[in-house]
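Each remark here refers to the structure printed beneath this line.
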């Protein structure tokens, strides 16, 4: 597995031909390469989960046209280890589902994966997973807080921010973050500030946050869920630093955001809270905003 930080400037063009990314500590790698890594835990984004189970279901029904990539063929006989938590967490609610619905959806996800990938190890001990990754009832409130914040700042970011307005927009977003109790060091606020500051025309942070005209509840939910997936990945890394983990996704912008944030020093503090640092790539956070961002993070 590659070591060290991988900058967002590192091209994803080669991987775009297959469209499957593995987000790992240090950056990203082709998902198939990650699947071949011994003892790698694969946390499936819902777009990968649906693609795998749907493709195998179609294969079982004799629909050859549904099998269009080598990923599903490759994984059929694979002994990969899969965590289905993200599938279970997606719901029609404004945040993670109630525990009873989550448990039901989790069992459903386990059954689908075991039927589709008979040689895979599907992590199915729900109580252990919940305890290991520190997921509590607070997750629902944190998720709702994130969606409210994103809707509140969407008016500032429905279109790319002109350079002359970036500094003022940065300050306005900080004010809204304070009103919604969004931590300065969080993925949510960091991604939002990058959406303002990035000089890159293909702004990965803005794309992940789904900012556009007519921003609605669904946009905010989908954006918050993507950020939540990255938080789960950070939790998994901190829980077992010796175990390789990848978040499997087809979302190119999510891969770019993760690689460009360059998360490091991921661990649990003495009070068992998750801690990490970001070192945003230069094209994510230009020099004129880097000092402001460092001052903000250091003040928390």
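Residue numbers (the working numbering): 38 to 337. C-beta atoms are modelled at their ideal positions from N, C-alpha and C, and glycine is treated no differently.
Identity of the residue in 316, 196 and 183 nearest residue 215 by Cα:
For the purposes of this step, residue 215 is taken as residue 178 along the chain shown, with counting starting at 1. The alpha carbon of residue 215 has as its nearest neighbour, out of 316, 196 and 183, the alpha carbon of 183.
Rounded to the nearest angstrom, how far is the Cβ of residue 250 from that of residue 195, given a contact under 8 Å?
Counted from its first residue, the chain shown places residue 250 at position 213. Counted from its first residue, the chain shown places residue 195 at position 158. Taking C-beta atoms under 8 Å as the contact rule, residue 250 and residue 195 qualify, at a distance of about 5 Å.
Using CA coordinates, which residue listed in 122, 203 and 231 is at the minimum distance from residue 268?
For the purposes of this step, residue 268 is identified with residue 231 of the chain shown, where counting begins at 1. The shortest C-alpha separation from residue 268 is found at 122.
Can you round the beta-carbon distance between residue 326 and residue 234 to whole angstroms, since I take them to be within the 8 Å contact cut?
The residue you call residue 326 lines up with position 289 of the chain shown. The residue you call residue 234 lines up with position 197 of the chain shown. At roughly 4 Å, the Cβ-Cβ gap stays under 8 Å, so residue 326 and residue 234 are in contact.
Give me the residue from 320, 257 and 276 with the minimum Cα distance to residue 167.
Here residue 167 refers to the residue found at position 130 of the chain shown. Of 320, 257 and 276, the residue nearest in Cα terms is 276.
Report buried or exposed for residue 324, applying the criterion of at least 16 other Cβ atoms within 10 angstroms of its Cβ.
The residue given as residue 324 occupies position 287 in the chain shown. Classification for residue 324: exposed.
Buried or exposed by the 16-neighbour rule on C-beta atoms within 10 Å, applied to residue 82:
As a working mapping, residue 82 is identified with position 45 in the chain shown. Flag for residue 82 reads buried.
Distance, residue 260 Cα to residue 334 Cα
Here the question's residue 334 lines up with position 297 in the chain shown. Here the question's residue 260 lines up with position 223 in the chain shown. Cα to Cα, the separation comes out at about 22 Å.
How is residue 215 classed by DSSP in three states: helix, strand or coil?
Sequence index remark: in the chain shown, residue 215 carries index 178 (1-based). Under the three-state reduction of DSSP, residue 215 is assigned to helix.
In this structure, does DSSP put residue 246 in helix, strand or coil?
Locating residue 246 in the chain shown gives position 209, counting from the first residue. The three-state secondary structure of residue 246, taken from DSSP, is coil.
From residue 150 to residue 90, what distance separates their C-alpha atoms?
Position 113 of the chain shown, counting from 1, holds the residue named residue 150. Position 53 of the chain shown, counting from 1, holds the residue named residue 90. In this structure, the straight-line span from the alpha carbon of residue 150 to that of residue 90 is close to 7 Å.
Distance, Cα to Cα, residue 256 vs residue 56?
Counting from 1 along the chain shown, the entry for residue 256 is found at position 219. Counting from 1 along the chain shown, the entry for residue 56 is found at position 19. Note on geometry: alpha-carbon atoms of residue 256 and residue 56 lie some 22 Å from one another.
By a C-beta neighbour count over all protein chains shown, 10 Å radius and 16 as the cutoff for buried, is residue 337 buried or exposed?
Start at 1 with the first residue of the chain shown, and residue 337 comes out as number 300. Counting C-beta atoms within 10 angstroms of its own C-beta, residue 337 has fewer than 16 neighbours from the protein chains shown and is therefore classed as exposed.
Compute the beta-carbon to beta-carbon distance between residue 117 and residue 176, rounded to the nearest angstrom, for a pair I have assumed lies under 8 Å.
In the chain shown, the residue the question calls residue 117 occupies position 80. In the chain shown, the residue the question calls residue 176 occupies position 139. Contact between residue 117 and residue 176 does not hold, since their C-beta atoms are separated by about 26 Å, which reaches or exceeds 8 Å.
In three-state terms, what does DSSP make of residue 81?
Taking the chain shown and counting its residues from 1, one reaches residue 81 at position 44. Note: residue 81 maps to strand in three-state DSSP.
Counting only runs of 4+ residues fully inside the region 188–240, write out the alpha helix (DSSP H) ranges in chain order.
If we require 4 residues or more, the alpha helix (DSSP H) runs fully inside the region 188–240 come out as 203–216 and 224–234.
Count the other CB atoms within 10 Å of the CB of residue 120; is the residue buried (16 or more) or exposed (fewer)?
Translated into the one-based positions of the chain shown, residue 120 becomes position 83. Classification for residue 120: buried.
Verify whether the separation of the beta carbon atoms of residue 192 and residue 241 is less than 9 Å.
Taking the first residue of the chain shown as 1, we reach residue 192 at position 155. Taking the first residue of the chain shown as 1, we reach residue 241 at position 204. Here residue 192 is not near residue 241, since their CB atoms are 9 Å or more apart.
Which class does residue 274 belong to by DSSP, given the choice of helix, strand or coil?
Position 237 of the chain shown, counted from the start, is the residue given in the question as residue 274. Residue 274 falls in the helix class under three-state DSSP.
So what does residue 67 bridge to, in DSSP terms?
The sequence position of residue 67 within the chain shown is 30, counting from 1. 58.
In chain order, each alpha helix (DSSP H) run of at least 4 residues that lies wholly inside the region 280–317:
With a minimum length of 4 residues, the continuous alpha helix (DSSP H) runs that stay inside the region 280–317 are 289–298.
First through last residue of the alpha helix (DSSP H) which encompasses residue 139:
By one-based count along the chain shown, residue 139 stands at place 102. Per DSSP, residue 139 belongs to the alpha helix (DSSP H) from 136–153.
Taking 9 Å as the threshold (C-beta atoms), are residue 263 and residue 291 in contact?
As a first step, residue 291 must be located in the chain shown, where it is residue number 254. As a first step, residue 263 must be located in the chain shown, where it is residue number 226. The Cβ-Cβ distance between residue 291 and residue 263 falls below 9 Å.
What number of angstroms, rounded off, separates the C-alpha of residue 146 from the C-alpha of residue 179?
On the chain shown, residue 146 is found 109 positions in, with the first residue counted as 1. On the chain shown, residue 179 is found 142 positions in, with the first residue counted as 1. C-alpha separation (whole angstroms): 24 Å.
Using DSSP with H/G/I as helix, E/B as strand and the rest coil, what is residue 119?
Translated into the one-based positions of the chain shown, residue 119 becomes position 82. Reduced to three states, the DSSP call for residue 119 is strand.
Spatial neighbours of residue 102 within its chain, please: C-beta separation below 6 Å, excluding the five flanking residues on both sides.
By one-based count along the chain shown, residue 102 stands at place 65. Summary for residue 102: the model assigns pLDDT 49, below 50, so the residue's position carries little reliability; its value from the coordinates is reported in the next sentence. For residue 102, where only same-chain residues beyond five positions count, there are no Cβ hits under 6 Å.
Nearest-angstrom Cα distance between residue 148 and residue 274?
Start at 1 with the first residue of the chain shown, and residue 148 comes out as number 111. Start at 1 with the first residue of the chain shown, and residue 274 comes out as number 237. Going from the Cα of residue 148 to the Cα of residue 274 covers about 26 Å.
Check for me: the alpha helix (DSSP H) holding residue 321 runs from which residue to which?
Start at 1 with the first residue of the chain shown, and residue 321 comes out as number 284. It is not in any alpha helix (DSSP H) - residue 321 carries neither H nor E in the DSSP assignment.
According to the neighbour-count rule (16 or more other Cβ atoms, all chains shown, within 10 Å of its Cβ), is residue 127 buried or exposed?
Along the chain shown, one-based indexing puts residue 127 at 90. Flag for residue 127 reads buried.
What does residue 158 pair with, by DSSP beta-bridge criteria?
Here residue 158 is taken as the residue at index 121 of the chain shown, counted from 1. BP columns for residue 158 point to 118.
Backbone CA spacing between residue 284 and residue 125 [nearest angstrom]:
The residue labelled residue 284 in the question sits at position 247 within the chain shown. The residue labelled residue 125 in the question sits at position 88 within the chain shown. Taking the straight line joining both Cα atoms gives about 15 Å.
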